[in-house]
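Residue numbers (the working numbering): 26 to 163. Scroll down for the structure; my scribbles are underneath it.
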């Protein structure tokens with residue numbers, strides 16, 4: 026058995042790395058991949074921001090209803106007129122922030138990482154991790 030529970034002698038799950046790739050290039054590609062993964066996490070937090078803000082806005086409907094039921098019409102109007110549906114940034118709801126991030130910074134980052142990986146490693150991903158796996162499973 027191997028460390029991953031597979032059968033010994035089975036085909037490796039990772040394709041062979043390019044023969045002419047040096048250690049420094051593999052490390053650089055690993056760091057670039059790690060930076061992209063960090064950006065993926067930031068993107069996830071941006072989606073959380075989007076969903077949480079939207080959920081909070083929907084919760085305000087009940088706040089308005091309860092304030093009106095309690096006779097607090099002025100405060101209910103304030104929430105309804107000034108807070109519900111409010112832009113989180115000038116002229117932007119959260120979905121627009123997500124779209125701008127994805128279409129701008131994120132897409133450029135992901136495309137550039139793929140381009141560099143294609144140019145330097147025949148498009149192979151996670152070479153740094155594949156080397157680490159081989160070292161740690163000896």
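All C-beta atoms, glycine included, are put in the ideal place defined by N, C-alpha and C.
Rounded to a whole number of angstroms, what is the C-alpha to C-alpha distance between residue i and residue j?
i           : j           : result
residue 149 : residue 83  : 44 Å
residue 130 : residue 102 : 39 Å
residue 147 : residue 44  : 11 Å
residue 145 : residue 136 : 14 Å
residue 118 : residue 161 : 47 Å
residue 122 : residue 163 : 47 Å
residue 134 : residue 72  : 18 Å
residue 120 : residue 68  : 12 Å
residue 65  : residue 100 : 40 Å
residue 94  : residue 63  : 47 Å
residue 143 : residue 114 : 38 Å
residue 36  : residue 80  : Caution applies to residue 36, whose pLDDT of 48 falls short of 50 and renders its modelled position unreliable; the value that the coordinates give is listed next. The straight-line gap from Cα to Cα measures roughly 48 Å.
For the alpha helix (DSSP H) holding residue i, just list the boundary residues, first then last.
i           : result
residue 13  : Coverage of the chain is limited to positions 26 through 163, which leaves residue 13 absent and any answer about it impossible.
residue 106 : That residue, residue 106, is in no alpha helix (DSSP H); it is neither H nor E in DSSP.
residue 130 : Unbroken run through residue 130: none, as it is neither H nor E.
residue 123 : 119-126
Would you say residue i and residue j are within 7 Å of each other, going by their C-beta atoms?
i           : j           : result
residue 109 : residue 92  : no
residue 54  : residue 152 : yes
residue 89  : residue 105 : yes
Return the residue from the list the options that minimises the CA-CA distance to residue i.
i           : options      : result
residue 140 : 58, 69, 48   : 58
residue 75  : 126, 156, 49 : 126
Any beta carbon from chain D within less than 7 Å of residue i's own beta carbon?
i           : result
residue 108 : In the structure shown, chain D does not exist; there is a single protein chain.
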